[in-house]
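K.L.:
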Amino acid sequence: NFAKHEKIENNGRLRFSFFRKAGGFYTPETNDAEFIIEGWESTNEGFQLNANGLTVDIYTEIEKHPNILSLYKTSNAQIYVMAAIYKKAHNLDDCLLVNSRNRIIESIDSNLFLVKDNTLFTPPLNEGCVAGTMREFLLHIANKQKIVVHENPLTIEDLLLADEAFLTNALYGIRWINTCKSKTYTNKITGDLSEILNHELIGK
């Protein structure tokens, strides 16, 4: 199989990229698709919660407009590239993006969760965030563990009033945020969720 061919023996990362078959410029000659599979081996076993919390800020120079394509990762990543340039210029670990309603939706490469009064909050997909696989898995885990999760639109005020804030993606698992602007967060529930995530994935 592909993983064996690429010598990915234990943990690794696979990326499937689908694109329209050539021909027709803007008007396709066919609706057939082609794809590329890429693979990388990982030496990590499970996910480790970051020891030092992330320092983030809100990127507002370009808004992401919610539409039927906004939940997918596409080759049009300009807004994420611009946010990453802003992150680098301001010596940040990540940036949070806003939609056209000035609501927080995600970070450069991750989905966003907030914790307030022992309850989880995350933006719904119709707010414009990517439908991340780790986001979906964490929602499944929370439901299994009887943890209350609300998929609600999140304002900047919600972000700054939260007790905890963390990011999720399939590469890093869960990463907790330490500071955003003048706000400092804790990570008690985030740490517990990281342990539950590892137990669900690898039994540890």
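Numbering-wise (my numbering), the sequence shown opens with residue 940 and increments by one.
From the three backbone atoms N, C-alpha and C, an ideal C-beta is built for every residue, glycine too.
Predicted model, so just to flag it, every value in this text is computed and none were measured.
If you follow the alpha helix (DSSP H) that Ser-1133 is part of, which residue opens it and which one closes it?
P.N.:
1127–1141
K.L.:
Asn-1038 and Glu-1066 - do their beta-carbons sit closer together than 7 Å?
P.N.:
yes
K.L.:
Looking only at its chain, what residues have a beta carbon closer than 7 Å to the beta carbon of Ser-956, apart from the 5 residues adjacent to it on each side?
P.N.:
Phe-974, Ile-975
K.L.:
Figure out for me which residue from Ile-1086, Leu-988, Ala-1104 has the closest Cα to the Cα of Ile-1043.
P.N.:
Ala-1104
K.L.:
Under 6 Å Cβ to Cβ from Asp-971, same chain only, skipping five residues before and after it: list those, please.
P.N.:
Lys-960
K.L.:
CB-CB under 7 Å to Ile-1135, same chain, minus the five flanking residues each way: which ones, in chain order?
P.N.:
Ile-1080, Gln-1084
K.L.:
Quick test of your reading: Leu-993 and Trp-1115, contact by CB under 8 Å. State the CB separation rounded to the nearest angstrom.
P.N.:
7 Å
K.L.:
For Asn-1126, count neighbouring Cβ atoms within 10 angstroms of its own Cβ and tell me buried if that reaches 16, exposed if not.
P.N.:
Residue burial is scored here from C-beta neighbours: Asn-1126 has at least 16 other C-beta atoms within 10 angstroms and is therefore classed as buried.
K.L.:
By the 10 Å Cβ neighbour count, where 16 or more other Cβ atoms means buried, how is Tyr-965 classified, buried or exposed?
P.N.:
So Tyr-965 ends up on the exposed side.
K.L.:
So for Val-1088, helix, strand or coil by DSSP?
P.N.:
strand
K.L.:
Taking all protein chains shown into account, decide if Tyr-1124 is buried (16 or more other Cβ within 10 angstroms of its Cβ) or exposed.
P.N.:
buried
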